[in-house]
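Read the structure below first, then the notes.
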Amino acid sequence: MMGTNRRHGEPTGRLRRFFAAREGASALEFAMLAPVFFGIVFAIIETFVAYAAEQVLLNANDSMARMVRMGEITFDMGRPTDVDEIEFRALFCAELVALLSCSDEDSEVAPRLYIDVRQLANFGETADVLACPDDDNFTPGGKQTTNIVRSCYRWPIIVDYLRLVSMLHGSSSNTIDGQNLVATAVFRNEDYP
Numbered sequence: 001m002m003g004t005n006r007r008h009g010e011p012t013g014r015l016r017r018f019f020a021a022r023e024g025a026s027a028l029e030f031a032m033l034a035p036v037f038f039g040i041v042f043a044i045i046e047t048f049v050a051y052a053a054e055q056v057l058l059n060a061n062d063s064m065a066r067m068v069r070m071g072e073i074t075f076d077m078g079r080p081t082d083v084d085e086i087e088f089r090a091l092f093c094a095e096l097v098a099l100l101s102c103s104d105e106d107s108e109v110a111p112r113l114y115i116d117v118r119q120l121a122n123f124g125e126t127a128d129v130l131a132c133p134d135d136d137n138f139t140p141g142g143k144q145t146t147n148i149v150r151s152c153y154r155w156p157i158i159v160d161y162l163r164l165v166s167m168l169h170g171s172s173s174n175t176i177d178g179q180n181l182v183a184t185a186v187f188r189n190e191d192y193p
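Under UniProt numbering, the sequence shown has 177 at position 177, and the numbering climbs by one with no breaks.
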């Protein structure tokens, strides 16, 4: 009786031994799953940090809006509480205690924080000014006027899967540099003295 014996050196024998061996299975599984696992962990951490930064921005915006509403900060009224755009920005930046920073005016880096404070004719006009501003504006109204205080911070994104996917599909020109963190307060000023 003649049989055919395959030697271990043949390609099918090597493949069988490779798939039958279990010594390095855990290491191989870890190597395959680790990038996905760490990518998800980093994305969760980044989401948490961005949320905390947004809360810092919201608190600063609310604090400054309260000062404008109560007449502690005024503009062009001939009062000791009058401030201009640069002074208001400095006061706003002092409220940002963690995670966010204001760039210097002399810096070559584009600022990430934009502040828009303006008087509105009525509350219905709010919908017309909700997009992030591209420049600072400080023109609040006086007593019993309707005002809006908006701040927009361009938060950089590190773990950006959507940008990677869009670049793979050739549409990288439409992506933004980070995520906009936005805080808005619309109010009517008090009848302060």
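All C-beta atoms, glycine included, are put in the ideal place defined by N, C-alpha and C.
Beta-carbon within less than 7 angstroms of residue i's beta-carbon, same chain only, minus the 5 sequence neighbours each way: which residues are those?
i: glutamate 133; result: It is proline, not glutamate, that sits at residue 133 in the sequence shown. So the qualifying residues of the chain are Tyr114, Asp116, Arg150, Cys152.
i: arginine 69; result: Phe187, Asn189, Glu190
i: serine 63; result: Glu95
i: leucine 120; result: Thr126, Thr146, Asn147, Ile148
Once you ignore the five residues that flank residue i on each side, which residues in its own chain have a CB closer than 6 angstroms to its CB?
i: arginine 79; result: none
i: arginine 188; result: Thr146
By DSSP's criteria, residue i is part of a beta bridge. Which residues make up the other side?
i: phenylalanine 187; result: Asn147
i: asparagine 180; result: Arg154
i: aspartate 82; result: Thr74
i: isoleucine 40; result: Bridge partners of isoleucine 40: none, in fact.
i: glutamine 119; result: Asn147
i: phenylalanine 138; result: Val117
Expressed to the nearest angstrom, what Euclidean distance is found between the alpha-carbon atoms of residue i and residue j?
i: valine 97; j: valine 56; result: 8 angstroms
i: arginine 89; j: serine 101; result: 12 angstroms
i: asparagine 61; j: phenylalanine 92; result: 8 angstroms
i: aspartate 136; j: tryptophan 155; result: 17 angstroms
Going by other Cβ atoms of all chains shown within 10 Å of its Cβ, with 16 needed for buried, is residue i buried or exposed?
i: glycine 141; result: buried
i: leucine 28; result: exposed
i: threonine 74; result: buried
i: alanine 65; result: buried
i: alanine 183; result: buried
i: leucine 130; result: exposed
i: isoleucine 148; result: buried
i: valine 36; result: exposed
i: glutamate 54; result: buried
i: methionine 67; result: buried
i: valine 49; result: exposed
Would residue i and residue j be called neighbours here (beta carbons separated by less than 8 angstroms)?
i: valine 52; j: leucine 15; result: Sequence check: residue 52 is alanine here, not valine. Cβ atoms of alanine 52 and leucine 15: not closer than 8 angstroms.
i: valine 126; j: valine 186; result: Sequence inspection shows threonine at residue 126; the valine mentioned does not correspond to that position. Yes. Within cutoff.
i: aspartate 159; j: glutamate 23; result: Going by the sequence as given, residue 159 is valine instead of aspartate. Cβ distance not < 8 angstroms, so valine 159 and glutamate 23 don't count as in contact.
Take residue i and list the residues in its own chain whose beta-carbon comes closer than 8 angstroms to its own, dropping the five residues that flank it on each side.
i: asparagine 122; result: Thr146
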